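For the sequence shown, counting from 1, position 227 maps to 854 in the working numbering; every step adds exactly one.
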Amino acid sequence: MSKFFLNVNTLFYFPMPMTKPVNHAIDMLFRDYEKVFGAKPKIVDKEELASIVVHYTEDDENLVIAPESFQISVSETNESGSYKMYIKGRDELGIIYALLHVSEKYLGVDPFWFWSEKEPESKEQIEIPVSENIYSQPKIRFRGWFINDEVCLIGWSDVYPPSKEVWMPVFETLLRCGGNIVIPGTDLPRTGVHWKLASEMGLYITHHHAEPLGAEMFFRMYPDKSASYDESKDLYEGLWEEAIQNQKDKRVVWVLGFRGQGDCPFWENAPEYDTPQKRGELISRVINRQYEMLCKHVTNPTCSTYLYGEITELYMQGLINIPDGVIKIWSDNGYGEMVSRRQGNYDPRIPSLPTEKDIGPHGLYYHITFHDLQASNHLVMMPNEPEMIKKELIKAFNAGVDRYLLLNCGNIRMHIYFLDLIKELWSNGDIDTEAHLENFCKSYFPTAWEKAFECYIDYFDYAIRYGENPSDAAGDEYYHHPARSIIGHWVRNEIDETAEDLLWATGDLAFTKQVRFFYDKLVSSVTNFEKLIKKCMDTYKSLKGKESVFFKDNILLQTRLHLSGVKGFISLCNAFFEYEKSNYPKAFVFASQSIWDYQESLIAMSESEHGKWKNFYKADWLTNIQSTIYSLETLRKYLRMHGDSPDFFLWYKEFIMPENEKRIYLENTHRRPLSDDNLALGLKEKLL
628 MSKFFLNVNT
638 LFYFPMPMTK
648 PVNHAIDMLF
658 RDYEKVFGAK
668 PKIVDKEELA
678 SIVVHYTEDD
688 ENLVIAPESF
698 QISVSETNES
708 GSYKMYIKGR
718 DELGIIYALL
728 HVSEKYLGVD
738 PFWFWSEKEP
748 ESKEQIEIPV
758 SENIYSQPKI
768 RFRGWFINDE
778 VCLIGWSDVY
788 PPSKEVWMPV
798 FETLLRCGGN
808 IVIPGTDLPR
818 TGVHWKLASE
828 MGLYITHHHA
838 EPLGAEMFFR
848 MYPDKSASYD
858 ESKDLYEGLW
868 EEAIQNQKDK
878 RVVWVLGFRG
888 QGDCPFWENA
898 PEYDTPQKRG
908 ELISRVINRQ
918 YEMLCKHVTN
928 PTCSTYLYGE
938 ITELYMQGLI
948 NIPDGVIKIW
958 SDNGYGEMVS
968 RRQGNYDPRI
978 PSLPTEKDIG
988 PHGLYYHITF
998 HDLQASNHLV
1008 MMPNEPEMIK
1018 KELIKAFNAG
1028 VDRYLLLNCG
1038 NIRMHIYFLD
1048 LIKELWSNGD
1058 IDTEAHLENF
1068 CKSYFPTAWE
1078 KAFECYIDYF
1088 DYAIRYGENP
1098 SDAAGDEYYH
1108 HPARSIIGHW
1118 VRNEIDETAE
1128 DLLWATGDLA
1138 FTKQVRFFYD
1148 KLVSSVTNFE
1158 KLIKKCMDTY
1168 KSLKGKESVF
1178 FKDNILLQTR
1188 LHLSGVKGFI
1198 SLCNAFFEYE
1208 KSNYPKAFVF
1218 ASQSIWDYQE
1228 SLIAMSESEH
1238 GKWKNFYKAD
1248 WLTNIQSTIY
1258 SLETLRKYLR
1268 MHGDSPDFFL
1278 WYKEFIMPEN
1288 EKRIYLENTH
1298 RRPLSDDNLA
1308 LGLKEKLL
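Here you go:
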């Protein structure tokens, strides 16, 4: 009986002419083919010569009718009795997804291969059974990523804005996950390749809520003009018109809206809008004007508007008027819960989901990474339970939020687990999170998947709960931004005042009690994270080859960031407690210990910057561990002024110098001041 095989002799036939997006997909498939079989396949110009025939479906074919759907079948040809594979795609993206499906299902190429170090196995040939499978559009029509706060991608090379070599793996991975829409970066220079390349690879592009229609920021173009829409209406509309003209021939989901400059409420630059009614009226007027302008150039444009932050409150009050058919995009709070986000100390927790009275299509802007200068996760994966994330997303789907899902995914590498989880949810609408995690570990850590599974379970279980709400789990920023705030208040001699910027975490407490609040939250977590480090190290030693590398660079690295952050913050609190007792040398030692604890984070990141990952964490500007250490170095210099100044020899003489030397030393040979580190090490040995 004849069979169909993939091997070095496979011949492909493609529809002509091939578009740029399809060519990109062919390049991906052929590169994968070469990894598996050692050589790329060939393309023939006659269908009858081909082993695999690729073409678009005809309008009268009923098998593949939904946008982006495709069919793959293996059957016997009538002419020769041989077998062929037929790939039919409804459209460009249908063809792209079909080719990448062949890569994943038959060649064994993992969607996250670039980020996970996972390469396919070499083979001589692969047998494909006779079959016919139709793959329809996923549950969510528009689904993709917002590459937001992407500092690691920015700092990865010396080229700014990031080059094609940085962006191609991002867009390729999104396509392999079945995504079709992207915001490629945050406010990057328009001279970069990111927008053009995303379109060339077949993706829809959409826009940040602070950049309606994808227009340039007003202040960047007109820094000396008023940002008031009423005063600068023609200038705003000129920017919008230019953006429409630049993108009208591309795949775009257009964003309508009006926020202020720098991603803030517009009324911060227009104080005359001092009531919700005035604010809602202007936003509605602008949205409808943008829609009117767009419809002059684009027939039936797909449009959206974000119900985000302060806009959610205005919409809920019935003060925002949105044109029919525009997708209303709801958002989580940055931590995965479908309520309005916390802004500073203000946390109204307004439900962020449509009700029965909200007519029209709805979408979702969702975070698996976030930056808020408070407790968010940026360098580590989401600390909230996967089951919570699943329930929140399904709750949104059930409320009718199923037209659009844009996932804030940051720097990709550290967030693979949740990206994989949510690609299943946007495809199928539901997921068994335990089974998914088990399959994830079997796929990436097969040598010791049970041990890896337990590490991931403990990671979520051990996350610090900084509040009482379902999503109040602390990410890496919790160990740094509040710590730097405490140092600042302390060095500025503001310890008799409540730190207003920490009320979101502590409530209305005196400063000394605020420090105690963080200490109490952190101290019980040391044992948990130490246990997890030990378990991760045991798992790492049980793994082989690239799977051990990925494990070390992923959950082991992230657990090290948690533990070093917790220990560093605790040492800072201990320094303050000693300072309160006027025990300045001991406070100096604890401040130094805090520096050493936080430096472990830098060591952990540096160890993961091997091979192609060199300099990946160079631009850690958001969590900014270096800034935390800088703040602590300032603090311990401040503490050294309390008793070791002006000669910077007194603590050495009092605590470290041998007793017999104290009586006979000569100042010219013993007055060389110790460095802060060396003094702290000597004091630690005597005082702790």
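Positions of the beta carbon are idealized from the N, C-alpha and C atoms, including for glycine. Because the structure is a prediction, the values reported are computed rather than measured.
- Using a Cβ distance threshold of 9 Å, I1091 and I1049 do not count as a contacting pair.
- The region 809-824 makes no contact with the region 666-675: fewer than 3 CB pairs, one atom from each, lie closer than 8 Å.
- Note on geometry: alpha-carbon atoms of K923 and R717 lie some 29 Å from one another.
- Straight-line spacing of the CA atoms in F1087 and G936 works out to 27 Å.
- A distance below 6 Å between beta-carbons, with the five flanking residues on each side excluded, links L1000 to the following residues of its chain, in chain order: H1108.
- In the three-state reduction of the DSSP assignment, L1170 falls in the coil class, being assigned neither a helical nor a strand state.
- Taking each of I914, S979, F1067, N1011 in turn and checking the Cα distance to V1028, the smallest one comes out for S979.
- With respect to the 9 Å criterion, R1119 and S1254 are not classified as neighbours on the basis of their beta carbons.
- For a cut-off of 8 Å, the C-beta gap from F739 to T800 is around 6 Å, short enough to register as a contact.
- Scanning its chain for C-beta atoms nearer than 8 Å, with the 5 sequence neighbours on each side dropped, one finds around V1193 the residues I1091, Y1106, L1149, S1152, V1153, F1156, in chain order.
- Secondary structure at E754: strand, using DSSP grouped into helix, strand and coil.
- In the DSSP secondary-structure assignment, P978 is bridged to V966.
- Judged by DSSP in its simplified three-state form, I1256 adopts helix.
- If you look at Q698, you'll find it in the beta strand (DSSP E) that goes 697-703.
- Annotation: G990 is outside any alpha helix (DSSP H); the continuous beta strand (DSSP E) that includes it extends over 989-994.
- The alpha helix (DSSP H) runs of length 4 or more contained entirely in the region 1123-1153 are, from start to end of the chain, 1130-1133, 1138-1150.
- The DSSP-derived three-state label of I956 is strand.
- Looking at G735, M645, I1114, V820, the one whose alpha-carbon comes closest to that of V786 is V820.
- Here E759 is bridged, per DSSP, to S700.
- For F1067, no beta strand (DSSP E) run applies; the uninterrupted alpha helix (DSSP H) run containing it begins and ends at 1060-1071, by DSSP.
- Per DSSP, G945 lies in no alpha helix (DSSP H) segment and is marked neither H nor E.
- For Y787, there is no enclosing alpha helix (DSSP H), as DSSP marks it with neither H nor E.
- For E895, the CB contacts under 8 Å within the same chain, skipping 5 residues up- and downstream, are G887 in chain order.
- Spatial neighbours of T1133 in its own chain (CB-CB distance under 6 Å, excluding positions within 5 residues in sequence) are listed in chain order as Q1141, F1144.
- CA-to-CA, the gap between L1229 and E703 works out to about 59 Å.
- Below 8 Å, enough C-beta pairs join the region 1171-1178 and the region 741-748 to call them touching: three or more.
- Annotation for L676: L638, Y640 place their beta carbon closer than 8 Å to its own, counting only its chain and skipping 5 residues before and after.
- C-alpha of I1252 to C-alpha of Y1225: approximately 7 Å in a straight line.
- Within the same chain, H994, M1009, N1011, M1015, I1016, E1019, S1098 come within 7 Å of G963 by CB-CB distance, once the 5 residues on both sides are set aside.
- Residue pairing of H682 in beta bridges, as defined by DSSP: K715.
- In the pairwise beta carbon analysis, the region 866-883 is classified as touching the region 829-845: at least three pairs are separated by under 8 Å.
- Annotated three-state conformation of I1039 is coil, per DSSP.
- For a cut-off of 8 Å, the C-beta gap from R1187 to A1214 is around 26 Å, too long to register as a contact.
- Annotated as distal: A1246 and W794, with beta-carbon spacing of 9 Å or more.
- Residue environment for K1078: buried (at least 16 other C-beta atoms within 10 angstroms of its C-beta).
- G829 is classed as buried because its beta carbon has at least 16 other beta carbons within 10 Å across all chains shown.
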